[in-house]
């Protein structure tokens, strides 16, 4: 079976699970995503365990009843096998197997058995798979999935789920790489990760944006590096970055205020062989309570930072708490004012941007999505931040993206690239005219072709100047332009001249005079008509 066929099979499994939820009144329910993602993860971890255990015990791979055979192992033999499992493989007992539950589905209180199984797996693997809250509490892998169904239907609901899981196995596809799982992950959560789903705008960063950010950040082979996203969402940017570096060559760190996003990011890490980083995934408010710190209490510094921070998010409840001596260095340019009438339209991204600059290591690189207005604002915090970037010589460049690159927002965006080691020229790209406009639901979206994505990446990394597309400028030139980072303000203004004869010039002037005479005559006629019409107007009629 090919990768494409497997992908279709996996999507069919997801559709079947959604069908079960719909049949039990949970279609488009707020808790449906918890059930779908957790059941999918239970299946994935079961099959990953089977795949790994059969590598350790090849005889099991040929055994049609391998689960029964494994259940007969003595405890010390079984524990020894568990100790040899590869990193990131869940520790699962024989009674946790999907096959075991399948054969017990007619027992009384099957829903409780199903839920208890998931909770047992979560507890056994707490240290490996738990996400932390910023207060230190751990969020374990699974909840009780049947509790969202009325009690009289729970057993039937869990039976329906287990019968969808038994006829398909992931075992043959664990050699697949990032692109396969990226497509599966997006399909899995496509209904649950939209900006309409909550105030935190939990939607995908477009793949074109994520690809460009990763490809322009990672230009050399590196290892043992740290990657950070202070507003990680479900992890699209981090996954692209880790894929560009190599999943085994980096450690992921993140924080996000949304519980849902943190759970989805954990799932994404599991799918993409980054289980070793789950312990660094924090659910909490990055701006108010940044979690990742050094032993001396200072904020941790990272080698690579990516972020698509929220542009509009009400932080009025805690803005006063940010104005402290401890935050003076982090928020060096200040804290945005909060208009009383527009609490949902604050420039909170300016706080994230300052936080990111403060979190860069001595050789750190960063890529941040910002509103395009930020790169030219001539006053306030926006300009102060740009001035600091120029003064400290940490700019690498800016790519201004086409409008509607995000289907869910009409805000024009640019990608801001920082590099603590870039003391030379800065590349500015105006990609606003690229892309093809398509309809996505009720919204219009701009899609970049692979060739256009690569054009941006190649020109940025080569620091190439291309007419009406890109410029390469010095820090002094940026200062001279009042710290503007808009490529268009640096393009040469071209005046084209056309040579014509004296006779041709005379003809053109004569045409202009004739047209003007005609227009003036028409103007006088209209003037007279207006005056006559005004005379016919009577008050009260």
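In the numbering used here, the protein residues as written are 609 to 1149.
In this text, a Cβ means the ideal position worked out from N, Cα and C, and glycines have one as well.
Since this is a predicted model, take the numbers as computed values, not measurements.
Reduced DSSP secondary structure (H/G/I, E/B, other) of residue 887: helix
Residue 558 and residue 994 closer than 8 Å at C-beta: Past the boundaries of the shown model lies residue 558; the chain is included only from 609 to 1149, so the question cannot be answered.
Residue 625 and residue 698 closer than 8 Å at C-beta: Going by C-beta atoms, residue 625 is not nearer than 8 Å to residue 698.
Between the CA atoms of residue 791 and residue 804 - distance to the nearest angstrom: In this predicted model, residue 804 has a pLDDT of only 39, less than 50, meaning its place in the structure is not dependable; the value taken from the coordinates is given anyway. Cα to Cα, the separation comes out at about 22 Å.
Range covered by the alpha helix (DSSP H) that runs through residue 913: Taken as a continuous stretch (DSSP letters only), residue 913 belongs to no alpha helix (DSSP H), being part of the beta strand (DSSP E) at 910–915.
Sequence-distant residues of the same chain with beta carbon closer than 6 Å to residue 563, five excluded per side: Outside the shown range of the chain (609 to 1149) lies residue 563, about which nothing can therefore be said.
Through-space distance from residue 676 to residue 621, alpha-carbon basis: 25 Å
Residue 926 beta carbon less than 8 Å from that of residue 888: no
Residue 874 burial status per 10 Å Cβ neighbour count (16 or more: buried): buried
Extent of the continuous alpha helix (DSSP H) to which residue 997 belongs: For residue 997, the uninterrupted alpha helix (DSSP H) run begins and ends at 988–999, by DSSP.
Span of the alpha helix (DSSP H), counted from its first residue to its last, around residue 1126: 1110–1143
Whole-Å CB distance - residue 700 paired with residue 750, under 8 Å assumed: Incorrect: roughly 12 Å between the Cβ atoms, too far for contact.
At least 3 beta-carbon pairs within less than 8 Å: the segment 1082–1093 vs the segment 972–988: yes
For residue 810, three-class secondary structure by DSSP: Summary for residue 810: the model assigns pLDDT 44, below 50, so the residue's position carries little reliability; its value from the coordinates is reported in the next sentence. Looking at residue 810 - three-state DSSP - the assignment turns out to be coil, as it is neither helix nor strand.
Whole-angstrom C-beta distance between residue 814 and residue 1014, which should lie under 8 Å: 6 Å
CB of residue 1005 within 8 Å of CB of residue 1056, strictly: no
Spatial distance of residue 691 from residue 878 (CA atoms): 19 Å
Limits of the unbroken alpha helix (DSSP H) element including residue 1038: That residue, residue 1038, is in no alpha helix (DSSP H); its beta strand (DSSP E) goes 1034–1038.
Pair within 8 Å by beta-carbon distance, residue 973 and residue 1001: no
Status (buried if at least 16 other CB within 10 Å, exposed otherwise) for residue 895: Counting other Cβ atoms within 10 Å of its Cβ, residue 895 reaches 16 or more and is therefore classed as buried.
Residue from 903, 959 and 734 with nearest C-alpha to residue 918: 959
Burial state of residue 660, where buried means 16 or more other Cβ atoms lie within 10 Å: buried
Element boundaries [beta strand (DSSP E), containing residue 825]: Counting along the chain, residue 825 falls outside any beta strand (DSSP E), though it belongs to the alpha helix (DSSP H) covering 815–825.
Exposed unless 16 or more other CB atoms sit within 10 angstroms - verdict on residue 810: Summary for residue 810: the model assigns pLDDT 44, below 50, so the residue's position carries little reliability; its value from the coordinates is reported in the next sentence. Buried: at least 16 other Cβ atoms inside 10 Å.
Beta-carbon spacing of residue 1069, residue 827 below 8 Å: yes
Sequence ranges, beta strand (DSSP E) only - wholly within the segment 721–752, length at least 3: 739–741
Collapsed DSSP secondary structure at residue 616 in the structure displayed: helix
Reduced DSSP secondary structure (H/G/I, E/B, other) of residue 834: Strand at residue 834.
Nearest candidate by alpha-carbon position, reference residue 1029, set 674, 825, 758 and 933: Closest by alpha carbon: 825.
Check whether residue 886 and residue 739 have beta carbons under 8 Å apart: yes
Contact under 8 Å by Cβ, residue 726 with residue 632: In this structure, residue 632 does not lie closer than 8 Å to residue 726 by Cβ.
Inter-residue spacing [alpha-carbon to alpha-carbon] between residue 705 and residue 869: Going by the C-alpha atoms only, they are around 28 Å apart.
Nearest-angstrom beta carbon gap, residue 617 and residue 776 [assumed within contact, 8 Å]: 6 Å
Residue span of the beta strand (DSSP E) that contains residue 972, given as start and end: 968–979
Beta-carbon proximity list for residue 615, same chain, < 8 Å, skipping 5 on both sides: Cβ contact annotation for residue 615 (same chain, cutoff 8 Å, sequence separation greater than five): 788, 791 and 792, in chain order.
Residue 898 classed as buried or exposed, judged by whether at least 16 other C-beta atoms fall within 10 angstroms: Under this definition residue 898 is a buried residue.
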